[in-house]
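Beneath this line is the structure, given in structure tokens, with notes to follow.
See below:
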């Protein structure tokens, strides 16, 4: 059972933005921190911006910042935004061709299991899973990080 | 969020075997019923046989039959057998390279959500989701099905 990488990266991007506080983060810097593709993160950032979680500040020194306080961002809501579906079995998916559809009892059982999975994520906010800027140290290669690293050295 | 087709087919195969009762089912017949690949179902049948859920009877008129009563087969156990992992985020997967591993708080949250998903499936047995042989009618193209279909008018 897996979530998409898209959801995984969306959560990491929000965690990174939360740790940055009011400082604008860039896609480039986030991609470097997590060693993931910039193209992929561009799409993630677009979805999170359209979804109302990030605010994009345009311009040369532009970047991204959380639009809401971390404690206002429910993890369950983020996952519902970023997952294309919760098609744990074929009958939950578009283009379902399972011959049992209609008589099958799996769908209500899996519906209940998915609801239970989501209800746990709904109990957590970004504030519960947020990290401190220093948790990204040694991974971040921006001047800011290096200077924090030096000051902690 | 998705389960593998492998798990989906495993559940369908067990449901089909349950509906057949003592009658031996074949992979060919099951593949025809669900319109899925025989090769794929072969692997599914091997896993279910090795896992103790199906008994393979060799020989010309051989086939597969449930080894346990449907009420003894917990859906949660079947899924744990058939899913390669529950790696909803990278840090749950083999070859995890996420830079936050160790400090991240997502893993305990997702661990709780997965446990909750599985605990729902553990409340159901194959008996709860089993269908009657006639639920497969009109989909099954074996002589048995045709004769049942005729006798039902």
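Chains as they are written, first to last, in this note's numbering: chain V, 813 to 965; chain Z, 813 to 965. Quick reminder that beta carbons are idealized off the backbone N, C-alpha and C, glycines included. Small disclaimer: the values here were computed from a predicted structure and weren't measured.
For residue 850 (chain V), the nearest beta carbon of chain Z is not closer than 8 Å to its own beta carbon.
Counting only runs of at least 4 residues, the stretch 847–878 of chain Z fully encloses the following alpha helix (DSSP H) elements, listed from N- to C-terminal order: 850–862.
Cα atoms of residue 935 (chain V) and residue 888 (chain V): separation of roughly 8 Å, rounded to the nearest angstrom. The CB of residue 845 (chain V) comes closer than 8 Å to the CB of 911 in chain Z, given here in chain order. Residue pairing by DSSP puts residue 837 (chain Z) in a beta bridge opposite Z:876. The beta carbon of residue 910 (chain Z) is closer than 6 Å to those of 902, 903 in its chain, skipping five residues each way along the sequence. Within the model, the alpha-carbon separation for residue 824 (chain V) versus residue 905 (chain Z) is close to 16 Å. With respect to the 8 Å criterion, residue 943 (chain V) and residue 813 (chain V) are not classified as neighbours on the basis of their beta carbons. With a contact defined as Cβ atoms closer than 8 Å, residue 876 (chain Z) and residue 857 (chain Z) qualify at about 6 Å. Around the beta carbon of residue 841 (chain Z), 16 or more other beta carbons sit within 10 angstroms, so the residue counts as buried. Taking all protein chains in view, the Cβ of residue 931 (chain Z) is surrounded by fewer than 16 other Cβ atoms within 10 Å, so the residue is classified as exposed. Between the alpha carbons of residue 851 (chain V) and residue 861 (chain V) lies a gap of roughly 15 Å.
In terms of Cα proximity to residue 818 (chain Z), the closest of Z:829, Z:834, Z:835, Z:854 is Z:854. Residues of the stretch 855–877 of chain V that bring their beta carbon within less than 7 Å of a beta carbon in chain Z are absent altogether. When beta bridges are read from the DSSP output, residue 937 (chain V) appears opposite V:886. Contact annotation: residue 894 (chain Z) and residue 939 (chain Z) have beta-carbon atoms that are not nearer than 8 Å. Contact between residue 866 (chain Z) and residue 829 (chain Z) is confirmed by a C-beta separation of about 6 Å, below the 8 Å threshold. Chain Z places no beta carbon closer than 8 Å to that of residue 889 (chain V), leaving this residue out of the contacts. Per DSSP, the beta-bridge partners of residue 814 (chain Z) are V:814. Collapsing the DSSP output to three states places residue 943 (chain Z) in coil. Assigned with DSSP and collapsed to three states, residue 844 (chain V) falls in helix. Taking a Cβ-Cβ cut-off of 8 Å, residue 829 (chain V) has no neighbours in chain Z, whose nearest Cβ is about 14 Å from it.
Against chain Z, the beta carbon of residue 921 (chain V) has neighbours under 8 Å at 887, 932, 933, 936, 940, 941, listed in chain order. Residue 927 (chain Z) has its alpha-carbon roughly 31 Å from the corresponding atom of residue 843 (chain V). Residue-level contact check: residue 898 (chain V) touches chain Z, since one or more beta carbons of chain Z fall below 8 Å from its beta carbon.
Separation of residue 929 (chain Z) and residue 899 (chain Z) (C-alpha to C-alpha, rounded to the nearest whole angstrom) is 13 Å.
Separation of residue 937 (chain V) and residue 885 (chain V) (C-alpha to C-alpha, rounded to the nearest whole angstrom) is 5 Å. Within 9 Å of the CB of residue 818 (chain V), no CB atom of chain Z is found; the nearest one sits about 11 Å away.
For the pair residue 912 (chain Z) and residue 820 (chain V), the CB atoms are not nearer than the 8 Å cut-off. For the C-beta of residue 822 (chain Z), not a single chain V residue is nearer than 9 Å; the gap to the nearest is close to 11 Å. Residue state for residue 881 (chain V) is assigned as coil, using DSSP reduced to three classes. Residue 912 (chain V) sits in coil when the DSSP states are folded into three classes, being neither helix nor strand. Here the alpha carbon of residue 832 (chain V) sits roughly 47 Å from the alpha carbon of residue 917 (chain V).
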